[in-house]
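Notes for the one structure printed next.
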């Protein structure tokens with residue numbers, strides 16, 4: 529009996545000793561595996577970082593090369609901005625795929641994942657796809673180009689750039705407005721620079737009882753003295769309306785696109801000064817009350 533208990537106790541001590549001996553070995557294996565994984569992952573991360581840095585440098589060089597080539601070939605600025613934006617986005621997508629591949633991720637499965645998500649992404653980005661199609665329509669039919677002053681979607685400004693998805697307008701107070709190309713291609717766009725000449729119009733109110741012939745002669749003098757005003761089409765001066773407190777004179781002249789605002793503001797000042805010199809009064813609202 530005593531010999532049996534002694535043998536059992538010795539067996540348990542031996543098993544316990546063997547377990548304590550195996551644990552450091554197992555821990556050492558785990559640490560070694562973790563260390564190997566860290567080296568492999570660190571190498572992949574380092575390679576991916578190098579690919580990203582080099583890729584960004586190459587993309588920058590390609591963008592400069594494309595911009596220089598388009599400039600040397602005198603490609604229209606509208607097409608230049610669109611192509612540069614398209615090339616930059618395409619190269620960036622390729623760089624992302626390269627970085628993912630350098631990290632050790634299977635690009636085949638990555639591509640399959642993108643393909644499976646294509647329908648959902650397409651539905652989510654349907655507006656952007658419409659904007660892309662709108663950008664192509666703008667390049668094809670050219671309702672406006674870079675540098676034109678246009679009015680669209682409730683905004684007026686100079687076209688700064690036509691990108692893949694948006695048209696950039698610089699407003700008169702130097703704000704940059706991004707308008708989707710889809711809306712620009714399907715909405716109403718007013719292009720103020722499409723034609724070489726523009727008509728300038730003033731409505732001038734004078735007092736009742738004023739000499740209309742004197743006023744017309746004065747205006748003709750001012751118009752003939754300004755070389756920026758075109759004689760073809762001929763200027764027009766007419767009695768426009770009999771308003772409640774004034775007789776309204778309408779003046780319509782034509783000038784070049786570049787001189788539109790200069791002529792408009794200069795004539796405002798000259799009409800005001802000349803009317804004051806010749807005693808032609810400008811009216812103001814009056815109310816006559818008769819007491820019975």
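Residue numbers (my numbering): 529 to 820.
Cβ atoms here follow ideal geometry from the backbone N, Cα and C, with glycine treated the same way.
- Item | Residues near residue 609 in its chain [Cβ-Cβ closer than 8 Å; skip 5 each side] | 674, 689, 690, 691
- Item | residue 706 - partner residues in DSSP beta bridges | 696
- Task: Count the other CB atoms, across all protein chains shown, that sit within 10 Å of the CB of residue 506; report buried if there are 16 or more and exposed otherwise.
- Result: In the structure as shown, the chain starts at 529 and stops at 820, and residue 506 therefore has no counterpart that could be examined.
- Using DSSP bridges, identify the partner residues of residue 733. 776
- Item | Within the region 660-689, ranges of the beta strand (DSSP E) (whole runs, at least 3 residues) | 677-680
- Hey, how far is the Cα of residue 677 from the Cα of residue 668? 19 Å
- For residue 529, does the count of other Cβ atoms within 10 angstroms reach 16, so buried, or fall short, so exposed? In this prediction, residue 529 scores a pLDDT of 48, lower than 50, which makes its location untrustworthy; no coordinate-derived value is stated.
- Please state whether DSSP places residue 631 in a helix, a strand or coil. coil
- So does the region 775-793 actually touch the region 730-741, counting three or more Cβ pairs closer than 8 Å? yes
- Item | Outcome for residue 712 when other beta-carbon atoms lying within 10 angstroms are tallied against a minimum of 16 | buried
- Message: Do residue 748 and residue 765 count as a contact pair if the criterion is CB distance below 8 Å?
- Response: yes
- Task: Kindly confirm or deny that the region 619-627 and the region 578-597 touch, where touching means at least three C-beta pairs closer than 8 Å.
- Result: yes
- Query: Skipping 5 residues on each side, what residues in its chain have a beta carbon closer than 6 Å to that of residue 707?
  - Reply: 681, 695
- Is residue 788 helix, strand or coil by DSSP? helix
- Task: With a 10 Å radius around its C-beta and 16 neighbouring C-beta atoms as the bar for buried, classify residue 745 as buried or exposed.
- Result: exposed
- Item | Of the residues 613, 629, 577, 799, the one placed nearest residue 592, counting alpha carbons only | 613
- Please confirm whether residue 728 and residue 666 have their CB atoms less than 8 Å apart. no
- Item | DSSP-derived helix/strand/coil call for residue 548 | In this prediction, residue 548 scores a pLDDT of 46, lower than 50, which makes its location untrustworthy; no coordinate-derived value is stated.
- Message: Considering only the alpha carbon of each residue, which of 572, 627, 686, 693 lies closest to residue 656?
- Response: 693
- Item | Helix, strand or coil at residue 827 according to DSSP, with G and I counted as helix | In this structure the chain extends from 529 to 820, so residue 827 is not present and cannot be described.
- Query: For residue 739, which three-state DSSP category applies?
  - Reply: coil
- For residue 761, which of 671, 743, 726 has the nearest alpha-carbon? 726
- Item | Residues that DSSP places opposite residue 582 in a beta bridge | Note: residue 582 sits in no beta bridge, so no partner.
- Query: Which stretch, first to last residue, makes up the beta strand (DSSP E) that contains residue 717?
  - Reply: 717-719
- Query: Are there 16 or more other CB atoms within 10 angstroms of the CB of residue 573, so buried, or fewer, so exposed?
  - Reply: exposed
- Whose C-beta lies closer than 8 Å to the C-beta of residue 616 among residues of the same chain, with five residues either side of it excluded? 587, 591
- Between the Cα of residue 768 and the Cα atoms of 570, 730, 714, which residue gives the shortest distance? 730
- Message: Measuring only the C-alpha atoms, how far is residue 754 from residue 743?
- Response: 17 Å
- Task: Please confirm whether residue 663 and residue 709 have their CB atoms less than 8 Å apart.
- Result: yes
- Under 8 Å between the Cβ atoms of residue 697 and residue 686? yes
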